Amino acid sequence: MDESEEQADLSNGNKKGIFWLISIFSLSSQNIFFQFYGVYARIVGVSATTLGFIMSIRNLLSGLFQGIAGRLSDKFGRKYVLFFGLFLSLVIPIPLIFYHSVWFLIFVAIIQAFSVSVVIPSWNAVLGDVTEPSYRASFIGKINSIGRIVSVTVTLVVAGIFAFIDSRYNNIITISGTAFEISWEFQYGFIFALSAFNALLCIIALFFLKETHIVSAEKKNSVPKLRVAFQDKNFVKFLIINSIFGITMSLIWPINPIILNDIFELNFAQVAIMTSSFAFFIAFTLIFAGKISDKMGRKPMIIISVCILIFFPVSMVPAILTENWWVLLLSRFVGGVGTGINFVAINAYTLDLASKDTFGSYSGLRETFYGIATFIGSFAAGFIIDALEGVYGIKITAISMSIAVTVIRIIAAVGFLFIAESLPKNKQSNLGKIISKS
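According to the working numbering, the sequence shown is numbered sequentially starting from 407.
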């Protein structure tokens, strides 16, 4: 912790290393799973409509129960709620190692999304418990950055090993005279096993965490405080604007794995490079985004992030036109930087508006509404992609969707100009105050 953090130690007796370990293993489990899941589903043979449905269901359920999960963590403490969500993250990837079908992929998406809906608000609330607004965004940025860097490193190491086996042995290795094929099923199965293993390590680390939110018997029997959030005008305005923008965000999500698999036909190692680069750019951005957000304020950083995210869809067009998959890294840079800034600013903004007893409720409600919004966008996008592809082909469809979504995002992003700043004025820089008044 830096000097400001040491002056306000809210860790409730926990060593700071335990927060880093939980963040590293939890983010590694989630990121490793989601980096490959969409492409894996496309390889298995799902249509764009089904892929859109899977993503929309995942988006919906990953947000739908967060309000409830967040409230439960406010009422009963963070640790037990986290344990339940992490246990689901442990068990659900394991069947994918041995079995895959369209219906089973939908089932896995539902359970995995539910586990995310339990973990995210509870963990965000933990970060709120142990921070003050003056250094909250910095801490959130650093702790999430390390987790993503670790997941990127692990993914690239695994991809490098598989790429070496492919180039040197043509995916056939011999052990004690017996030949073993390193098939795509084995490669993706190994990734899902790795995701489950990280969830297990996270559960082990969680046993050493001391509860950060001690709840009295009186508070456990209190009336639910979800209504408090709906009475907060600044939060409600932000909730609506952020959810509308979420629809425009998710419109492009189903086309991403289709571009990687159908247009560029990337192998496992290439998919790993592409998804890991996105995670790396997010991690790199988180390092400085938090510190800047603590100085400039949350609103300026949110506005900057959405201005960057506007151009993510159209940044894929040059790669599609040149038919060079390396050019697609440009879009990963744009999306990674925008997502990194947005992640830390949005989380800090939400926690700033909440009180200590409503950290989980506020974070959960934000994700609930965002989940519903992204369900609408992804579900609609799947049908649109299938309809356009049947007439114009996948390349024209991808280019058209990218341009159209960029235009729609520009319109939706205007709403963020009207949200209120959550960081106290005495904590903001002069530039931050100017932008916050815009």
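In this text, a Cβ means the ideal position worked out from N, Cα and C, and glycines have one as well.
These numbers were taken from a predicted model, which means no experiment stands behind them.
- For A826, the closest alpha carbon among the candidates L496, L645, F765 is that of L645.
- The Cβ-Cβ distance between S528 and S479 falls below 7 Å.
- The bridge partners DSSP lists for T584 are I581.
- Excluding sequence positions up to five before and after V445, its CB lies within less than 6 Å of the CB of P663, L666, N667, V677, all in the same chain and listed in chain order.
- A754 and M461 have their alpha carbons spaced roughly 26 Å apart.
- With a cutoff of 7 Å on beta-carbon distance, V743 and F687 are scored as near each other.
- If the five residues before and after L794 are omitted, its C-beta is found closer than 6 Å to the C-beta atoms of T803, all from its own chain and listed in chain order.
- Here G547 is buried, its C-beta having at least 16 other C-beta atoms within 10 Å.
- A Cβ-Cβ separation of about 6 Å places I526 in contact with Q472 under the 8 Å criterion.
- Judged by DSSP secondary structure, A599 falls within the alpha helix (DSSP H) whose first and last residues are 590–612.
- The three-state secondary structure of A519, taken from DSSP, is helix.
- The three-state secondary structure of T803, taken from DSSP, is helix.
- K421 and D700 have their C-alpha atoms some 23 Å from each other.
- Taking 7 Å as the cut-off, the Cβ atoms of I578 and E587 count as close.
- Take the alpha-carbon of F459 and the one of S784: they are about 7 Å apart.
- Excluding its 5 nearest sequence neighbours in each direction, S721 has C-beta neighbours in its own chain below 6 Å: L736, S737, V740, listed in chain order.
- Here V514 is actually not in contact with V450; their C-beta atoms are around 11 Å apart, not less than 8 Å.
- The C-alpha of S544 is placed about 5 Å away from the C-alpha of K697.
- Remark: C-beta atoms of A685 and N437 approach each other more closely than 7 Å.
- Exclusion of the five residues before and after V487 leaves A475, L478, S479, V524, S528 as the residues of its chain whose Cβ lies within less than 7 Å of its Cβ.
- Linking S683 to G788 through their CA atoms gives a straight-line distance of about 25 Å.
- Spanning the alpha carbons of I809 and P719 requires a straight line of approximately 7 Å.
- With contacts defined as CB atoms closer than 7 Å, I647 and F822 qualify as a contacting pair.
- At least 7 Å separates the beta-carbon of W590 from that of F670.
- Shown here, E617 sits in coil according to DSSP, grouped into three states, outside any helix or strand.
- The C-beta of A818 has 16 or more other C-beta atoms within 10 Å across all chains shown, which makes the residue buried.
- When DSSP states are grouped into helix, strand and coil, P663 belongs to the helix group.
- Secondary structure at S721: helix, using DSSP grouped into helix, strand and coil.
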